[in-house]
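Residue numbering for the sequence shown follows our numbering, starting at 117 and increasing by one per position.
Don't be surprised by glycine CBs; every beta carbon is placed ideally from N, CA and C.
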Amino acid sequence: MKFAHMADIHLGATSEPRLREFEISTLTKAFQICIERDVDFIIISGDLFHVNIPDLSIV
Numbered sequence: 117m118k119f120a121h122m123a124d125i126h127l128g129a130t131s132e133p134r135l136r137e138f139e140i141s142t143l144t145k146a147f148q149i150c151i152e153r154d155v156d157f158i159i160i161s162g163d164l165f166h167v168n169i170p171d172l173s174i175v
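Here it is, written out as structure tokens:
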């Protein structure tokens with residue numbers, strides 16, 4: 117069984133559009149790598165979002 121562990125991703129930590137796009141593309145790339153490597157599940161510890169109630173555009 118394979119798993120990936122990611123921590124403290126903090127999506128939405130910046131309001132700068134280019135950096136926000138980079139956050140999303142980086143997470144997408146990480147998920148793509150997990151798929152390519154046949155990861156069975158992903159554990160995300162720590163904070164996925166930077167704030168308690170994230171903007172819907174991030175979710």
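Outcome for residue i when other beta-carbon atoms lying within 10 angstroms are tallied against a minimum of 16
i, result
"Leu-127", "buried"
CB contact flag (residue i, residue j, <9 Å)
i, j, result
"Gly-143", "Ile-125", "Rather than Gly, the amino acid found at residue 143 in this sequence is Leu. Yes, they are a contact pair."
"Asp-156", "Phe-119", "yes"
"Ala-129", "Glu-137", "no"
Cβ separation of residue i and residue j, assumed to be a contact under 8 Å, to the nearest whole Å
i, j, result
"Met-122", "Ile-149", "With 8 Å as the limit, Met-122 and Ile-149 do not qualify as a contact, their Cβ atoms being about 11 Å apart."
"Phe-165", "Ile-158", "With 8 Å as the limit, Phe-165 and Ile-158 do not qualify as a contact, their Cβ atoms being about 16 Å apart."
Extent of the continuous alpha helix (DSSP H) to which residue i belongs
i, result
"Ile-159", "Counting along the chain, Ile-159 falls outside any alpha helix (DSSP H), though it belongs to the beta strand (DSSP E) covering 157 to 161."
Residue span of the beta strand (DSSP E) that contains residue i, given as start and end
i, result
"Phe-119", "119 to 123"
Secondary structure of residue i, DSSP reduced to three states
i, result
"Leu-135", "helix"
"Leu-127", "strand"
Minimum Cβ-Cβ distance from residue i to chain D less than 9 Å
i, result
"Val-167", "No chain D appears in this structure, which consists of one protein chain only."
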